[in-house]
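Presented below is the structure to which this report refers.
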Ligand SMILES: C[S@@+](CC[C@H](N)C(=O)[O-])C[C@H]1O[C@@H](n2cnc3c(N)ncnc32)[C@H](O)[C@@H]1O
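What follows is the structure in structure tokens.
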């Protein structure tokens with residue numbers, strides 16, 4: 006049974022994972038059914054928090070803390086190699102007041118959460134329905150909007166706000182592509198190119214690698230970043246230089 010508001014629907018989890026830069030520590034302070042934690046490549050350390058008791062299967066995948074995710078983030082000792090993905094119960098005002106969870110979140114807690122994430126010295130992403138409160142608080146963050154379908158097949162706009170540049174290097178690149186067709190095309194091409202490169206003489210392979218590095222040094226307009234990363238965070242792996250190192 007899918008978790009209400011969970012992110013395991015096809016097209017949704019890929020979209021989120023395609024925006025996650027490399028990280029050593031993964032933190033999900035509103036874990037619920039933990040779709041992203043389950044579906045992305047594991048981090049060295051994964052930490053989940055929820056006020057509700059977890060699905061026992063999630064305990065195999067992360068260290069779990071039962072309690073308030075906002076208080077947890079407030080006290081956490083940051084080292085900078087974390088990535089935080091927040092999927093709180095959406096603002097009641099953006100879903101006609103419908104209550105889904107044993108633990109819902111009052112607007113005051115959303116304001117508290119926004120204040121706390123603005124101070125986090127590491128990459129942070131947060132999901133929600135379009136909201137003026139979020140847009141105002143997170144002005145200057147990057148913003149991605151997409152259509153999602155509720156269980157009743159009603160189309161809803163969802164927003165991802167993130168405080169780092171759109172990554173060119175991903176923590177998990179298995180889902181690259183905007184939709185199923187594109188993912189399939191890219192995966193086919195990746196396999197073909199890998200097979201071809203494996204057949205090449207090492208020197209020719211290195212020459213082609215250098216050509217790739219050169220191209221990455223001169224991003225085309227379509228690769229330029231949109232929005233401003235908040236707080237000047239230098240996200241590991243988000244910049245082109247990370248591609249050069251790899
Ligand atoms: C939208 S759901 C998360 C769904 C999850 N992303 C998934 O894919 O299954 C929100 C979760 O936040 C939890 N929650 C509500 N208030 C909380 C708080 N203050 N701290 C931590 N968790 C909270 C709820 O119990 C619920 O499991």
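Numbering (the numbering used here), first residue to last: 6 to 251. From the three backbone atoms N, C-alpha and C, an ideal C-beta is built for every residue, glycine too. Here the structure is a predicted model, which means the values were calculated and not measured.
Within 10 angstroms of the Cβ of residue 64, are there 16 or more other Cβ atoms? Answer buried if so, exposed if not. By the neighbour-count definition (other C-beta atoms within 10 Å, threshold 16), residue 64 is an exposed residue.
Around the C-beta of residue 9, are 16 or more other C-beta atoms found within 10 angstroms, so that it is buried, or is it exposed? Around the C-beta of residue 9, fewer than 16 other C-beta atoms lie within 10 Å, and the residue is accordingly described as exposed.
Coil, strand or helix - residue 11 by DSSP: Per DSSP, reduced to three states, the secondary structure at residue 11 is coil, with no helix or strand assignment.
Residues bridged to residue 130 [DSSP beta-bridge criterion]: Per DSSP, 90 and 167.
Alpha carbon of residue 254 to alpha carbon of residue 193, nearest angstrom: It is not possible to answer for residue 254, since the shown part of the chain is limited to 6 through 251.
Alpha-carbon spacing of residue 74 relative to residue 56, whole angstroms: Roughly 8 angstroms separates the two Cα atoms.
How about residue 20 and residue 151: are their beta carbons less than 8 angstroms apart? With contacts defined as CB atoms closer than 8 angstroms, residue 20 and residue 151 qualify as a contacting pair.
Going by C-alpha distance, which of 130, 129 and 148 is nearest residue 137? Of the candidates 130, 129 and 148, the one whose C-alpha sits nearest the C-alpha of residue 137 is 148.
Is the separation between the beta-carbon of residue 88 and that of residue 28 shorter than 8 angstroms? Cβ distance < 8 angstroms, so residue 88 and residue 28 count as in contact.
Could you name the residues whose beta carbon sits closer than 5 angstroms to any heavy atom belonging to ligand 1, keeping them in chain order? Having a Cβ closer than 5 angstroms to some heavy atom of ligand 1 are 8, 10, 11, 12, 35, 37, 38, 40, 55, 56, 57, 73, 74, 92, 94, 106, 108 and 110.
Measure the C-alpha to C-alpha separation of residue 7 and residue 13 and round it to an integer number of angstroms. The straight-line gap from Cα to Cα measures roughly 8 angstroms.
With 16 as the cutoff for other CB atoms within 10 Å, does residue 129 come out buried or exposed? Residue 129 is buried by the Cβ-count criterion.
Is it buried or exposed, residue 24, if we count other Cβ atoms within 10 angstroms and call 16 or more buried? Label assigned to residue 24: buried.
Residue 35 and residue 111 look like a contact to me (Cβ under 8 angstroms); what is the Cβ gap, rounded to whole Å? The beta-carbon distance between residue 35 and residue 111, rounded to whole angstroms, is 14 angstroms. This is too long to meet the 8 angstroms contact definition.
Give the secondary structure of residue 115 by DSSP, where H, G and I count as helix, E and B as strand, and everything else as coil. Assigned with DSSP and collapsed to three states, residue 115 falls in helix.
Of the residues 133, 179, 190 and 200, the one placed nearest residue 167, counting alpha carbons only: Measuring from the Cα of residue 167, the nearest candidate turns out to be 133.
Distance between residue 44 and residue 218 (C-alpha atoms, nearest Å): Rounded to the nearest angstrom, the two C-alpha atoms are 30 angstroms apart.
If you follow the alpha helix (DSSP H) that residue 191 is part of, which residue opens it and which one closes it? Its alpha helix (DSSP H) spans residues 185-204.
Ranges of the beta strand (DSSP E) found wholly within the segment 23-56, counting only runs of at least 3: Whole beta strand (DSSP E) segments, 3+ residues: 30-33 and 50-55.
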